[in-house]
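Since the structure comes first, as structure tokens, the remarks are kept for the end.
In this note's numbering, the protein residues as written are 30 to 426.
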């Protein structure tokens with residue numbers, strides 16, 4: 030009887046440890062056979078502050094999983110969306126003077142830039158290296174121009190790093206759970222790669238993620254993770270603004286939003302008296318609430334993207350924008366306001382991302398770990414060989 034392979038994934042985000050077990054049915058389909066969210070403990074402000082507590086949670090959950098599945102895991106894929114990180118773009122070049130660009134030239138550039146990053150950021154660990162741009166004689170190339178002739182070759186790499194302490198703590202926690210880390214991978218990278226895999230014409234994109242208390246901007250360029258920025262505010266600002274201007278408490282505002290219709294045909298209506306409870310009734314139109322929300326949504330879009338000094342250069346390319354709203358209430362009531370603001374005010378293409386995690390996401394994680402990503406670079410160690418060994422390699426390979 031054939032036993033399908035199963036893989037263990039642990040996601041660490043701002044709110045939860047997510048334990049997921051995926052069964053690989055075939056090359057095109059995977060099935061989630063276990064998933065559990067455990068409220069995050071032992072990690073605060075993107076740092077492990079209680080190692081023993083994190084270890085206890087991991088040990089108990091992994092032991093329970095192995096007992097229930099009658100399977101002993103030997104390795105795990107870690108998906109991180111929490112720890113402090115940095116993204117650095119670094120460039121190298123090769124003067125060709127009319128000669129041919131060789132694989133050895135690119136290998137040298139890649140290894141040299143990696144060594145420079147390791148020297149400059151010696152307190153950090155590289156998790157991902159992306160081939161962001163290849164330029165031969167001022168012409169940007171889609172693929173590595175190995176074998177072409179030219180005068181000047183320029184190669185840009187993007188490095189994703191986390192602190193050594195975080196990396197070592199994760200390794201130690203999983204080692205004490207008798208697990209080897211197969212790969213630590215950025216969730217931002219996988220989500221970008223998932224979007225690109227769904228559209229063969231898509232290479233560049235912005236992804237905006239808005240939760241209740243935080244927001245995040247991710248920029249993918251040439252299918253490579255290029256920029257990430259976190260914001261310490263979220264959709265709660267919309268609720269708070271409505272609360273301040275109407276003078277109603279946030280729980281009342283949420284109740285109004287949940288139980289009222291804010292479609293265009295109903296905006297002239299007043300908020301019903303029964304929502305005010307012990308508060309004095311005041312005439313508040315539904316249109317006022319929606320206008321307040323629209324004004325705050327517009328401001329959020331400006332701070333995160335359109336008036337963000339860090340994205341000014343990228344915006345010139347008119348890149349598609351993907352929006353992920355993790356606040357279900359804001360999504361239900363104001364998603365059309367987001368779409369109108371982006372399309373009418375900024376003339377941008379906005380697509381809304383489905384918030385449901387599916388087998389497809391973990392399938393993509395596994396594929397990237399197993400087979401790599403088209404723009405992810407792997408440094409090569411050049412082995413020193415004798416003249417005779419090189420001669421035999423030339424003749425027979």
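Glycine is no exception: its CB is placed at the ideal position from the N, C-alpha and C atoms. Only a predicted model underlies this, so the values are computations on that prediction, with no experimental measurement involved.
Just checking my contact of residue i with residue j at CB under 8 Å: how many whole Å lie between their CB atoms?
i	j	result
residue 61	residue 391	7 Å
residue 244	residue 218	Their Cβ separation, rounded to whole angstroms, is 18 Å, which puts residue 244 and residue 218 out of contact at 8 Å.
residue 123	residue 138	6 Å
residue 315	residue 289	6 Å
residue 53	residue 81	Incorrect: roughly 34 Å between the Cβ atoms, too far for contact.
residue 135	residue 76	Contact doesn't hold; Cβ gap of about 37 Å is too wide.
residue 253	residue 143	15 Å between Cβ atoms; not a contact.
residue 340	residue 248	7 Å
residue 300	residue 313	5 Å
residue 355	residue 239	7 Å
residue 46	residue 69	6 Å
residue 41	residue 146	That pair is no contact at about 24 Å.
residue 107	residue 213	5 Å
residue 366	residue 326	5 Å
residue 296	residue 202	Their Cβ separation, rounded to whole angstroms, is 52 Å, which puts residue 296 and residue 202 out of contact at 8 Å.
residue 195	residue 180	Incorrect: roughly 43 Å between the Cβ atoms, too far for contact.
If we count the other Cβ atoms within 10 Å of its Cβ and call it buried at 16 or more, is residue i buried or exposed?
i	result
residue 417	For residue 417, the pLDDT reaches just 45, beneath the cut-off of 50, and the residue's location in the model is therefore unreliable, leaving the point undetermined.
residue 127	exposed
residue 182	buried
residue 67	exposed
residue 176	exposed
residue 359	buried
residue 423	Since pLDDT at residue 423 reaches only 40, below the 50 mark, its modelled position is unreliable, and the value read off the structure follows with that caveat. Burial call: exposed.
residue 346	exposed
residue 311	exposed
residue 49	buried
residue 291	buried
residue 334	buried
residue 141	exposed
residue 279	exposed
residue 92	exposed
residue 414	Any answer about residue 414 is weak, because its pLDDT of 48 lies below 50 and its placement is not dependable; what the coordinates show is given next. Counting Cβ neighbours within 10 Å, residue 414 comes out exposed, since fewer than 16 surround it.
residue 397	buried
residue 160	buried
residue 171	exposed
residue 58	exposed
residue 255	buried
residue 220	buried
residue 336	exposed
residue 39	buried
residue 430	What is shown of the chain runs 30 to 426, which leaves residue 430 out entirely.
residue 342	exposed
residue 131	exposed
Measure from the alpha carbon of residue i to the alpha carbon of each residue in the options, then state which is nearest.
i	options	result
residue 224	250, 202, 399	250
residue 193	150, 231, 212, 170	150
residue 371	355, 383, 214, 328	328
residue 330	237, 39, 361, 355	237
residue 376	275, 344, 64, 74	344
residue 178	65, 215, 394, 129	129
residue 169	184, 148, 157, 180	184
residue 401	201, 71, 157, 366	157
residue 44	59, 55, 71	71
residue 427	297, 303, 153	What is shown of the chain runs 30 to 426, which leaves residue 427 out entirely.
residue 394	215, 234, 231	215
residue 383	58, 73, 357, 294	357
residue 293	363, 229, 34, 231	363
residue 200	87, 406, 65	87
residue 51	338, 94, 369, 226	94
residue 274	34, 317, 378	317
residue 73	276, 96, 113	113
residue 233	368, 162, 63, 97	162
Taking 8 Å as the threshold, find out whether the segment 186-194 comes into contact with the segment 113-120 through three or more Cβ pairs.
Contact holds: three or more Cβ-Cβ distances are below 8 Å.
The segment 96-112 touching the segment 205-215, judged by at least three CB pairs closer than 8 Å
Between the segment 96-112 and the segment 205-215, the count of C-beta pairs closer than 8 Å reaches three or more; the two stretches touch.
Secondary structure, beta strand (DSSP E): runs of 3+ residues fully inside the segment 35-83:
35-41, 45-55, 58-68
Should the segment 291-309 be regarded as contacting the segment 340-357, the criterion being three or more beta carbon pairs within less than 8 Å?
Because the criterion of three Cβ pairs below 8 Å is not met, the segment 291-309 and the segment 340-357 do not touch.
Taking only runs of the beta strand (DSSP E) that begin and end inside the segment 156-202, which ones reach a length of at least 3 residues, in chain order?
168-170, 181-192
Is it true that the segment 259-273 meets the segment 318-326, where meeting means three or more beta-carbon pairs spaced less than 8 Å apart?
yes
Threshold first: 3 residues or longer. Then list the beta strand (DSSP E) segments lying entirely within the segment 341-386, N to C.
With a minimum length of 3 residues, the continuous beta strand (DSSP E) runs that stay inside the segment 341-386 are 350-354, 379-381.
Please give me, in chain order, every unbroken run of the alpha helix (DSSP H) with length at least 4 that falls completely inside the segment 238-281.
265-275
If you scan the segment 315-341 from start to end, which runs of the alpha helix (DSSP H) of 4 or more residues do you find wholly inside it?
315-330
Within the segment 87-153, note down every full alpha helix (DSSP H) run reaching 4 residues or more, in order along the chain.
List check, alpha helix (DSSP H) in window: 132-149.
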